[in-house]
Structures are given as C-alpha cells and as structure tokens.
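Protein chains in written order, with my numbering: chain A, 24 to 138; chain B, 397 to 513. We treat Cβ as the ideally placed atom computed from N, Cα and C, and that holds for glycine.
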Amino acid sequence: DQQVKQNSPSLSVQEGRISILNCDYTNSMFDYFLWYKKYPAEGPTFLISISSIKDKNEDGRFTVFLNKSAKHLSLHIVPSQPGDSAVYFCAASDGWVQGAQKLVFGQGTRLTINP
Amino acid sequence: NAGVTQTPKFQVLKTGQSMTLQCAQDMNHEYMSWYRQDPGMGLRLIHYSVGAGITDQGEVPNGYNVSRSTTEDFPLRLLSAAPSQTSVYFCASSYYPPDETTFYGYTFGSGTRLTVV
Numbered sequence: 024d025q026q027v028k029q030n031s032p033s034l035s036v037q038e039g040r041i042s043i044l045n046c047d048y049t050n051s052m053f054d055y056f057l058w059y060k061k062y063p064a065e066g067p068t069f070l071i072s073i074s075s076i077k078d079k080n081e082d083g084r085f086t087v088f089l090n091k092s093a094k095h096l097s098l099h100i101v102p103s104q105p106g107d108s109a110v111y112f113c114a115a116s117d118g119w120v121q122g123a124q125k126l127v128f129g130q131g132t133r134l135t136i137n138p
Numbered sequence: 397n398a399g400v401t402q403t404p405k406f407q408v409l410k411t412g413q414s415m416t417l418q419c420a421q422d423m424n425h426e427y428m429s430w431y432r433q434d435p436g437m438g439l440r441l442i443h444y445s446v447g448a449g450i451t452d453q454g455e456v457p458n459g460y461n462v463s464r465s466t467t468e469d470f471p472l473r474l475l476s477a478a479p480s481q482t483s484v485y486f487c488a489s490s491y492y493p494p495d496e497t498t499f500y501g502y503t504f505g506s507g508t509r510l511t512v513v
C-alpha cells in the first residue's frame with residue numbers, strides 16, 4: 024500500500040523552461056511534506072518542505088504547492104538548469120511521535136534537463 | 397566534513413553470510429534511521445532510533461537488527477544475507493526540536509550498495 028505516489032518515473036524538460044514534479048498521498052494524517060534531490064552515488068539531499076498549514080512555500084527557483092483537499096503536492100523549478108538533472112523524491116510525515124519523525128517516500132521521478 | 401558517514405560504500409555477500417553496515421553522525425542528532433532503496437519502490441524504512449538505547453522497527457525490518465549504544469553510531473546488521481536484501485542502504489539522522497513544531501528534514505549518508513549472490 025503505497026501511501027506516497029509519484030506516478031511519473033521520468034520527466035524531460037528543456038533548459039530554461041519550468042519543471043513540474045507531482046506527488047499524491049493517501050494518508051490524511053500527513054502534515055509535513057518534503058522534497059529531496061538525489062544524484063547518482065550520493066545520498067538524498069533536502070530541497071524544500073511545506074507544512075499542512077500552508078499551501079505554498081518558495082525558496083529561490085523552487086516552489087512547492089500543497090492541495091490538501093486533493094491530497095496532492097507539486098514541485099516547480101523555474102527556470103530549469105542542467106544541474107537540476109537528478110532523481111526527486113517526495114516524502115511525507117505525520118509529525119513527531121515519541122521523538123520520531125518517520126518519513127514515507129514516493130518512488131522518485133528522474134528529471135532530465137536538456138540543453 | 398560534518399554529516400553522516402556510512403561504511404562500506406560497496407559490499408558483495410554470499411547468501412547466508414552476515415555483516416554489519418556502519419553509520420556514524422557527528423551532529424549530535426537524536427533521531428537516526430535506516431532506509432533501503434529499491435528500483436520503483438522509493439526509500440523504505442527498516443529501523444529507527446530516537447536515542448541511545450532506544451530502537452524500533454520500520455516498514456521492512458525482517459532480516460535486520462540494529463542497536464544504538466551511543467548517540468553517534470547506529471549500525472545495521474544483516475543476520476543471514478538473502479538475495480532479496482540486495483539494495484542500496486541509506487542511513488539518515490535528524491535533529492529533534494524541543495517544541496516539535498518544526499522539522500529540519502533528514503541528513504543522509506552517501507549509501508552502501510549491497511549485492512547478495
């Protein structure tokens with residue numbers, strides 16, 4: 024039972040255009056959402072997050088949108104750059120429980136930025 | 397550099413062998429966890445720890461043991477390796493905020509690629 028789903032295994036975007044990565048979740052108890060970026064042979068690195076009390080969070084070229092009613096979030100990258108080519112993981116959490124904040128990850132989307 | 401250090405980076409085991417994947421962090425993080433990454437399945441939680449002496453199971457704990465004797469170290473033990481444990485393993489740690497209203501995300505290690513033949 025996949026609680027966090029990224030239905031697009033791959034996405035190809037031209038340099039300078041907008042990249043939109045999507046993520047759906049099923050657990051209505053999730054209240055914190057994160058995006059991680061992963062390069063080959065490296066661990067995932069934190070990119071941007073959003074709590075359920077917001078519907079948008081921006082950090083430079085990266086914006087995350089949250090639609091709680093649809094249980095959907097998206098990551099927008101504008102403008103896309105070649106260094107953005109990586110695998111992007113969506114993750115969700117239902118908060119701190121007895122000192123633990125367990126993240127549930129999606130399957131990942133491989134983003135390729137073409138020159 | 398500060399962060400999460402995993403060793404070894406690569407390992408090949410024969411079915412039935414045992415081994416320990418090492419994980420150490422120098423950020424004084426209370427929370428540590430182990431994930432495995434498999435194609436098409438994302439990262440799945442194996443075991444986690446909220447502090448020294450405290451561990452608990454995640455989503456896919458079978459075949460793995462953990463212990464946490466210090467804040468810094470969180471080793472993952474494979475008791476009797478099976479081909480189904482072929483995967484990339486990531487250790488991650490996180491700071492526990494006093495008020496639980498924030499979450500700074502995990503810091504991940506660079507991973508251990510394990511092949512069981």
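Spatial distance of residue i from residue j (CA atoms)
i                  : j                  : result
Phe-85 of chain A  : Ser-108 of chain A : 14 Å
Leu-98 of chain A  : Gly-438 of chain B : 17 Å
Leu-70 of chain A  : Phe-128 of chain A : 14 Å
Val-27 of chain A  : Asp-452 of chain B : 22 Å
Ser-92 of chain A  : Ser-506 of chain B : 36 Å
Leu-44 of chain A  : Thr-508 of chain B : 27 Å
Ser-51 of chain A  : Val-456 of chain B : 22 Å
Val-462 of chain B : Ser-42 of chain A  : 40 Å
Residue interval of the beta strand (DSSP E) (run including residue i)
i                  : result
Gln-433 of chain B : 427-434
Glu-81 of chain A  : 79-82
Tyr-485 of chain B : 483-490
Thr-411 of chain B : Here Thr-411 of chain B belongs to no beta strand (DSSP E), and DSSP marks it neither H nor E.
Lys-61 of chain A  : 55-61
Ser-97 of chain A  : 95-100
Ser-42 of chain A  : 42-48
Leu-126 of chain A : No beta strand (DSSP E) contains Leu-126 of chain A, which DSSP labels as neither H nor E.
Asn-90 of chain A  : 85-90
Ser-35 of chain A  : 33-37
Cβ separation of residue i and residue j, assumed to be a contact under 8 Å, to the nearest whole Å
i                  : j                  : result
Gln-407 of chain B : Val-484 of chain B : The Cβ separation is near 11 Å, so there is no contact.
Lys-77 of chain A  : Thr-68 of chain A  : That pair is no contact at about 22 Å.
Val-428 of chain B : Arg-473 of chain B : According to the sequence displayed, residue 428 of chain B carries Met and not Val. With a Cβ gap of about 15 Å, Met-428 of chain B and Arg-473 of chain B do not count as contacting.
Ser-35 of chain A  : Thr-135 of chain A : 5 Å
Pick out the complete alpha helix (DSSP H) segments inside the segment 413-475 of chain B, 4 residues or longer, and give them in chain order. none
Quick one, which residues of the segment 111-129 of chain A are near chain B if we go by CB-CB under 9 Å, in chain order? Phe-112, Cys-113, Ala-114, Ser-116, Gly-118, Trp-119, Gln-121, Gly-122, Ala-123, Gln-124, Lys-125, Leu-126, Val-127, Phe-128, Gly-129
Check distances from the C-beta atoms of the segment 31-61 of chain A to those of chain B and list, in chain order, the residues that come in under 7 Å. Tyr-55, Leu-57
Taking Cβ-Cβ distances below 9 Å as the criterion, which residues of the segment 450-482 of chain B are in contact with chain A? Ile-450, Asp-452, Gly-454, Glu-455
Using a beta-carbon distance cut-off of less than 9 Å, what residues from the segment 436-447 of chain B approach chain A? Gly-436, Met-437, Gly-438, Leu-439, Arg-440, Leu-441, Tyr-444, Ser-445, Val-446, Gly-447
At a CB distance below 7 Å, what residues from the segment 69-98 of chain A approach chain B? Give them in sequence order. Phe-69, Ser-72
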